[in-house]
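Asks: So the sequence shown is numbered by numbering that gives the first Met the number 0: it starts at 0 and just counts up by one. Below is one structure. I have some questions about it.
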Amino acid sequence: MTVPLLQLADVRKRYNIGQPNEAEVLRGVSLTLQPGEFAALIGPSGSGKSTLLNIIGLLEPLTTGSYQLQGDEVAGLDDAALTLRRRTTLGFVFQFHHLLPAFTALENVTLPALMREGAVSAAETDRALAMLQAVGLAQAAAKRPGQLSGGMQQRVAIARALVLQPPLVLADEPTGNLDTASSDEVFKLMRHMHATLNTAFLIVTHDPRLAARCDRVIELVDGRIQRDERQVPTGADNRASAAATPPP
Numbered sequence: 000m001t002v003p004l005l006q007l008a009d010v011r012k013r014y015n016i017g018q019p020n021e022a023e024v025l026r027g028v029s030l031t032l033q034p035g036e037f038a039a040l041i042g043p044s045g046s047g048k049s050t051l052l053n054i055i056g057l058l059e060p061l062t063t064g065s066y067q068l069q070g071d072e073v074a075g076l077d078d079a080a081l082t083l084r085r086r087t088t089l090g091f092v093f094q095f096h097h098l099l100p101a102f103t104a105l106e107n108v109t110l111p112a113l114m115r116e117g118a119v120s121a122a123e124t125d126r127a128l129a130m131l132q133a134v135g136l137a138q139a140a141a142k143r144p145g146q147l148s149g150g151m152q153q154r155v156a157i158a159r160a161l162v163l164q165p166p167l168v169l170a171d172e173p174t175g176n177l178d179t180a181s182s183d184e185v186f187k188l189m190r191h192m193h194a195t196l197n198t199a200f201l202i203v204t205h206d207p208r209l210a211a212r213c214d215r216v217i218e219l220v221d222g223r224i225q226r227d228e229r230q231v232p233t234g235a236d237n238r239a240s241a242a243a244t245p246p247p
């Protein structure tokens, strides 16, 4: 039997515990994600999506409940252990790409290796170049973020998230800061990389068009999962077509 990539059981998150303004943002979330899934996390503003993504990303602790990552309980681990799991298991893509402006595209993509190893080997540089080629930006390796369009910068961010081939990429509104054409390009790229590497993606989005192009939709409302269903994705960038040709 395949071990789930992640499994949350009755996860709750409270802020300001014991104070008059105590608030419960997540109210008993249970969720299982299998290796290689491509899922959207949707819901209105204030529903707890970003909080849930931060907990899954080991960026903030849950209050009560269980969180197993690749079969290991990670709730309650100390900071050093959480950092290690984060660096070896997770990749991140955010609405704002968070590229370092003084670094070239290639140097930005090698950052995960630098943070994990303290240095970047020739093999890791080659891997980063290969990843830039995979996202269609080999020619931009020596350019800095300010010399790239918004869509190109987000493609660099995707290459950075995937360069160490993590089992799971968490994407928080990855197309929310882009125009429609660039948004479509970046989403098609994520589907292509998912098909190529079989990396799981969990994507927070407010865009129903993008959610419709995912294999699974998880809807969070008032801190609870209201809907969790698999679907046949719309559009030409489904798994089969995305695997056929890389993005331009």
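Glycine included, each C-beta is placed from N, C-alpha and C at the ideal position. Keep in mind that this is a model prediction, so the values were computed, not measured.
(1) From A160, A22 and E123, pick the residue whose C-alpha is nearest to that of V134; which is it?
(2) Checking 8 Å against the spacing of the C-beta atoms, do V168 and V73 come in under that value?
(3) Could you give the DSSP three-state label for A170: helix, strand or coil?
(4) Tell me, please, whether the region 93 to 112 touches the region 141 to 156 by the rule of three or more beta-carbon pairs shorter than 8 Å.
(5) Candidates P3, S46, I202 and L131: which alpha carbon is nearest R212's?
(6) Verify whether the separation of the beta carbon atoms of L61 and R11 is less than 8 Å.
(7) From A194 to L128, what distance separates their C-alpha atoms?
(8) When you compare the CB of M189 with every CB in chain B, is at least one pair closer than 8 Å?
(9) Within the region 130 to 217, note down every full alpha helix (DSSP H) run reaching 4 residues or more, in order along the chain.
(10) For S307, which three-state DSSP category applies?
(11) Check each candidate in V155, M192, Q69 and R229 and name the one with the smallest Cα separation from V2.
Replies: Short version:
(1) A160
(2) no
(3) strand
(4) yes
(5) I202
(6) yes
(7) 20 Å
(8) In the structure shown, chain B does not exist; there is a single protein chain.
(9) 149 to 161, 179 to 196 and 207 to 210
(10) Here the chain comprises residues numbered 0 to 247, so residue 307 is not present and cannot be evaluated.
(11) Q69
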